[in-house]
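Student: Residues in the sequence shown are numbered from 122 upward in steps of one, following my numbering.
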Amino acid sequence: MSKLSEKAESVNSQSSKTEFLYADNRRFNNVKDVIYPLPDSEEESDRLRSQHFMFRYFWQSNFFAPIEHILSKPGSKILDVGCGAASWSFDMAISYPSTDVIGLDMTPLQTTQIKPKNFNFVKGNVLEGLPFEDNTFDFVFQRFLVGGYPKEKWPYVINELVRVLKPGGFLEVFLFVIIIILF
122 MSKLSEKAES
132 VNSQSSKTEF
142 LYADNRRFNN
152 VKDVIYPLPD
162 SEEESDRLRS
172 QHFMFRYFWQ
182 SNFFAPIEHI
192 LSKPGSKILD
202 VGCGAASWSF
212 DMAISYPSTD
222 VIGLDMTPLQ
232 TTQIKPKNFN
242 FVKGNVLEGL
252 PFEDNTFDFV
262 FQRFLVGGYP
272 KEKWPYVINE
282 LVRVLKPGGF
292 LEVFLFVIII
302 ILF
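#1: Determine whether the beta carbon atoms of Asn183 and Met213 lie at a separation below 8 Å.
#2: To which residues of the same chain is Val278 closer than 6 Å at the C-beta, ignoring the five residues directly before and after it?
#3: Within 10 angstroms of its Cβ, does Ser197 collect 16 or more other Cβ (buried), or is it exposed?
#4: I think Ala186 touches Glu293, with their Cβ atoms under 8 Å apart; what is that distance to the nearest whole Å?
#5: For Cys204, which residues in the same chain have their Cβ closer than 7 Å to its Cβ, ignoring the five residues on either side in sequence?
#6: Within 10 Å of its beta-carbon, does Gln263 have 16 or more other beta-carbons around it, so buried, or fewer, so exposed?
#7: For the beta strand (DSSP E) containing Leu282, list its first residue and its last residue.
#8: Can you check which of these residues, Ser219, Gly289, Val222 and Gly250, is closest to Lys274 by C-alpha distance?
#9: Look at Leu200 and Val285 and say whether their C-beta atoms are less than 8 Å apart.
#10: Return the bridge partner residues of Gln172 from the DSSP annotation.
#11: How many whole angstroms separate the CB atoms of Phe260 and Gly289, which I take to be in contact at a CB cut-off of 8 Å?
#12: Can you tell which of Phe295, Glu281 and Asn239 has the C-alpha that lies nearest to the C-alpha of Ile266?
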């Protein structure tokens, strides 16, 4: 892999400045305490979409928490932390049209023209604190970010996810870890 270029693009966020670094004509996030090695690009968004549909097919579901009874009620709220291309969020918004779905990510959502009416995107970074009141969401979901934060930041992340969860709500943190054992 080539050295990251010195060229950086500044983007204003709610509470900080985010810098993007470039390598091989691809843009990467350069956010403090965030360990996300994949590029911020159309190609990566396409890969994330394909990954979502592959895993949904494999598990025959978008979630494991027992929340059908909550999501079928009008006015229920879902937060997808680290939504990426928002494939999971869009899928949930379409499946539960009376539920408000919010996708949060540190990178601006690339698909803004075509989206379900009950979906909204918020630019943010959980490590800077979630921009929501306590007890806001019935379901908080986070997937595939096991390597996205330094190990010592995980207690803070979990506390933030729980803080915005309504009493009786569900938190689903889906971690996918590949373990290679060599003999």
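Every residue gets a Cβ at the ideal spot worked out from N, C-alpha and C, and that includes glycine.
Tutor: With the given structure in hand:
#1: yes
#2: Val247 and Tyr270
#3: buried
#4: 5 Å
#5: Ser210, Gly224, Leu225 and Asp226
#6: buried
#7: Taken as a continuous stretch (DSSP letters only), Leu282 belongs to no beta strand (DSSP E), being part of the alpha helix (DSSP H) at Trp275 to Arg284.
#8: Gly250
#9: yes
#10: Per DSSP, none; premise fails for Gln172.
#11: Between Gly289 and Phe260 the Cβ distance is about 11 Å, and since that is not below 8 Å, they are no contact.
#12: The displayed chain sequence assigns Leu, not Ile, to residue 266. The shortest Cα separation from Leu266 among Phe295, Glu281 and Asn239 belongs to Phe295.
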